[in-house]
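Have a look at the structure below, then the notes.
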Amino acid sequence: MLYRDEAIVLRTHKLGEADRIITLLTRQHGRVRAVAKGVRRTTSRFGSRLEPFTHVDLQLAEGRSLDTITQAETLTPFSKGLGHDYDRYTAGTVMLETADRLVSEERQPSVQQFLLLVGGLRAMVAGEHGPGQVLDSYLLRSLAVAGWAPSFEHCARCGTLPTAGGRQRWFNPSMGGVVCATCRVPGSASPAPETLALLGALLAGDWEVVDAAPPRTLKEASGLVAAYLAWHLERGLKSLAYVER
Numbered sequence: 001m002l003y004r005d006e007a008i009v010l011r012t013h014k015l016g017e018a019d020r021i022i023t024l025l026t027r028q029h030g031r032v033r034a035v036a037k038g039v040r041r042t043t044s045r046f047g048s049r050l051e052p053f054t055h056v057d058l059q060l061a062e063g064r065s066l067d068t069i070t071q072a073e074t075l076t077p078f079s080k081g082l083g084h085d086y087d088r089y090t091a092g093t094v095m096l097e098t099a100d101r102l103v104s105e106e107r108q109p110s111v112q113q114f115l116l117l118v119g120g121l122r123a124m125v126a127g128e129h130g131p132g133q134v135l136d137s138y139l140l141r142s143l144a145v146a147g148w149a150p151s152f153e154h155c156a157r158c159g160t161l162p163t164a165g166g167r168q169r170w171f172n173p174s175m176g177g178v179v180c181a182t183c184r185v186p187g188s189a190s191p192a193p194e195t196l197a198l199l200g201a202l203l204a205g206d207w208e209v210v211d212a213a214p215p216r217t218l219k220e221a222s223g224l225v226a227a228y229l230a231w232h233l234e235r236g237l238k239s240l241a242y243v244e245r
């Protein structure tokens, strides 16, 4: 049975002498692994269309364990916009690995994750905001869609708000975000109030606040995002080690 879908290529690996297994995040079918036959041959019709970062329109044939790609048309070659900028390329690689990890079950529709990834890559290529901030915003939003939305105002444990005009003082990834003095546990971080405001802006997409933040605040926020991500994924991302934080 044949079906069509649009997808972002997340990763590839070799199969046999000329084929590749392509891991895709599709719009309607979630995460799909499919064989692209003969794609490594120089005569392949669509070899360059099935590289990581490529937004493609596909036709696939269902298989027992792996589907087979029978047609591929490029919609957006994001790799061309990222390949000449190391910071944007490495940040984009983290986005692909995150999507691969968060959408772990195959063939489970994940439309919101797909749309987030496409939007994140488009923003990364556009270059209107810093690559680290585009990445942090994507990470927070994708975690929220996966069911791990962080709290940056209410105490993540008891739900209390700080006094008028103030913010919670403590942050703990294992507890779901900020916590009050009563609920905090040993090892909780105590970020600057400006950092917590920035984290909220990254989650909400308030780019006016994000773009005005000083480097020190951006760096502290990135560290907290990385810690929150690592906790919920249970292990760190390999690609994150190459990103300048």
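Everything in the sequence shown is counted per my numbering, starting at 1 for the first residue and increasing by one. For every residue, glycine included, the Cβ atom is placed at its ideal position computed from N, Cα and C. Fair warning: this is a prediction, and the values are worked out from it, not measured in the lab.
For arginine 4, there is no enclosing alpha helix (DSSP H); the enclosing beta strand (DSSP E) has its first and last residue at 2-15. In this structure, Met95 is the residue among Val111, Met95, Leu140, Asp100 with its C-alpha nearest to the C-alpha of methionine 124.
For valine 56, the secondary structure class from DSSP, reduced to helix, strand or coil, is strand.
Out of Ser174, Lys219, Gly147, Arg4, the CA that lies nearest to the CA of glutamate 62 is found in Arg4. DSSP places arginine 40 in the coil class of the three-state scheme, outside both helix and strand. The three-state reading of DSSP puts proline 109 in coil, since its state is none of H, G, I, E or B. Note on the segment 67-99: whole alpha helix (DSSP H) runs with a minimum of 4 residues are 78-82, in chain order. Residue burial annotation: methionine 175 is buried, with at least 16 other C-beta atoms found within 10 angstroms of its C-beta. In the DSSP assignment, arginine 216 falls within the unbroken alpha helix (DSSP H) covering 215-233. Cβ neighbours of lysine 37 within its own chain (closer than 6 Å, five residues either side excluded): Asp19.
C-alpha of lysine 219 to C-alpha of arginine 245: approximately 6 Å in a straight line. In the three-state reduction of the DSSP assignment, glycine 200 falls in the helix class. Annotation for arginine 245: no beta strand (DSSP E) segment contains it, and DSSP assigns it neither H nor E.
Straight across, the Cα-Cα distance linking leucine 82 with arginine 88 is about 6 Å.
Spatial neighbours of tryptophan 231 in its own chain (CB-CB distance under 8 Å, excluding positions within 5 residues in sequence) are listed in chain order as Pro173, Ser174.
Looking from the CA of serine 65, the closest CA among Val32, Gly147, His84, Arg141 belongs to Val32.
Going by DSSP, arginine 141 is part of the alpha helix (DSSP H) stretching over 131-145.
Under DSSP, threonine 23 takes part in a beta bridge, and its partners are Arg11, Arg33.
Here phenylalanine 171 carries a strand assignment [DSSP, helix/strand/coil]. A residue is called buried when at least 16 other Cβ atoms come within 10 angstroms of its Cβ; glycine 120 meets this threshold and is buried.
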